[in-house]
Amino acid sequence: AQKVTQAQTEISVVEKEDVTLDCVYETRDTTYYLFWYKQPPSGELVFLIRRNSFDEQNEISGRYSWNFQKSTSSFNFTITASQVVDSAVYFCALRAAGSYIPTFGRGTSLIVHP
Amino acid sequence: NAGVTQTPKFRILKIGQSMTLQCTQDMNHNYMYWYRQDPGMGLKLIYYSVGAGITDKGEVPNGYNVSRSTTEDFPLRLELAAPSQTSVYFCASSYDRSSYEQYFGPGTRLTVT
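In order, the protein sequences belong to chains B and A.
Quick note on the working numbering: the first sequence kicks off at 1386 and runs consecutively.
Quick note on the working numbering: the second sequence kicks off at -2 and runs consecutively.
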């Protein structure tokens, strides 16, 4: 069975602070995919990134960066110089390569204060 | 492009009533999905479709039915609504399974009392 744990239920920061959202996963599959989604207050989920299990390169996209470490089964997400618009619930998800069914974590609510 | 649209946005049902949640996408995507999101939880897949006429169960299909007669539409039917079906329902679509960017609709908030 797969499992995704986002231990941080809620994080509160002040604008311009850096913040890291943790994601730890469990799977027996050798090939799998990891995702991050953003759910702003409007409710609609927005895809942020996908990472294949065989590609451990970290990725940076503007103020966003992702650190994938297979050795610790973690796929952490860092926002640099946070902004109020980053306030949202962020979900980490895992899907086996041969499956259509993803496993989502419970989400981390990020609140960025001005 | 409207993307993925869902109707209604909100609905209150009485126990035992039935309803259909509508989902339409205008991106010519083959793959469509229905998820539910319970408070404080991540999304769970209810049903998915890989093309017109083809549907399959996800993780939590009980109490729901779907059909896919066209590429654009993927309605979700609730029969005999129960309080356990109180949730926010999201429809999503993607070009194919490898195209991991799923586009989500705005959601339907359903309350069963």
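Just so it is clear, CB atoms sit at the ideal spot from N, CA and C, and this is done for glycine as well.
Proximity to residue i [Cα-Cα], best of the options
i	options	result
Tyr45 (chain A)	A:Gln19, A:Pro36, A:Glu56	A:Glu56
Thr21 (chain A)	A:Thr4, A:Ser15, A:Ile9, A:Tyr32	A:Thr4
Ser1478 (chain B)	B:Phe1460, B:Leu1495, B:Val1469	Ser is not the amino acid found at residue 1478 (chain B); the sequence shown has Ala there. Ranking the options by Cα distance to Ala1478 (chain B), first place goes to B:Phe1460.
Ser1456 (chain B)	B:Gly1428, B:Thr1463, B:Phe1432, B:Thr1415	B:Thr1415
Tyr1417 (chain B)	B:Ser1494, B:Ser1472, B:Ser1438	B:Ser1438
Leu1419 (chain B)	B:Glu1402, B:Pro1426, B:Ile1396, B:Thr1390	B:Thr1390
Val63 (chain A)	A:Cys88, A:Thr83, A:Ser81	A:Cys88
Lys1388 (chain B)	B:Thr1394, B:Pro1487, B:Pro1425	B:Pro1487
Tyr30 (chain A)	A:Pro80, A:Thr83, A:Ile9, A:Glu98	A:Glu98
Leu1406 (chain B)	B:Ser1472, B:Gly1428, B:Gly1483	B:Ser1472
Thr2 (chain A)	A:Ser90, A:Thr110, A:Asn27, A:Thr108	A:Ser90
Spatial distance of residue i from residue j (CA atoms)
i	j	result
Asp1440 (chain B)	Pro72 (chain A)	36 angstroms
Glu1411 (chain B)	Trp1421 (chain B)	16 angstroms
Tyr1480 (chain B)	Ala1386 (chain B)	It is Arg, not Tyr, that sits at residue 1480 (chain B) in the sequence shown. Whole-angstrom Cα-Cα distance: 11 angstroms.
Cys1408 (chain B)	Lys1423 (chain B)	14 angstroms
Asp35 (chain A)	Arg1448 (chain B)	30 angstroms
Tyr1475 (chain B)	Ile1445 (chain B)	17 angstroms
Phe1462 (chain B)	Gly37 (chain A)	20 angstroms
Met16 (chain A)	His1498 (chain B)	41 angstroms
Glu69 (chain A)	Val1399 (chain B)	43 angstroms
Asp93 (chain A)	Arg1413 (chain B)	24 angstroms
Thr83 (chain A)	Asp1403 (chain B)	36 angstroms
Tyr1485 (chain B)	Arg74 (chain A)	21 angstroms
Pro80 (chain A)	Pro58 (chain A)	16 angstroms
Gly50 (chain A)	Glu1395 (chain B)	42 angstroms
Thr52 (chain A)	Arg65 (chain A)	7 angstroms
Asn1443 (chain B)	Ala1392 (chain B)	21 angstroms
Sequence-distant residues of the same chain with beta carbon closer than 8 angstroms to residue i, five excluded per side
i	result
Gly0 (chain A)	Gln22, Asp23, Met24, Tyr100, Gly102
Val1431 (chain B)	Tyr1422, Lys1423, Gln1424, Pro1425
Leu42 (chain A)	Tyr30, Trp31, Tyr32, Gly55, Glu56, Val57
Inter-residue CB distance, residue i and residue j (contact presumed, cutoff 8 angstroms)
i	j	result
Gly104 (chain A)	Gly1492 (chain B)	That pair is no contact at about 14 angstroms.
Lys1401 (chain B)	Ser1494 (chain B)	With 8 angstroms as the limit, Lys1401 (chain B) and Ser1494 (chain B) do not qualify as a contact, their Cβ atoms being about 19 angstroms apart.
Close-in-space but distant-in-sequence residues of the same chain around residue i (CB under 6 angstroms, 5 per side omitted)
i	result
Val85 (chain A)	Gln34, Gly104, Arg106
Phe1453 (chain B)	Arg1436, Glu1441, Phe1460
Gly13 (chain A)	Leu77
Phe7 (chain A)	Arg106
Leu18 (chain A)	Leu73, Tyr86, Thr105
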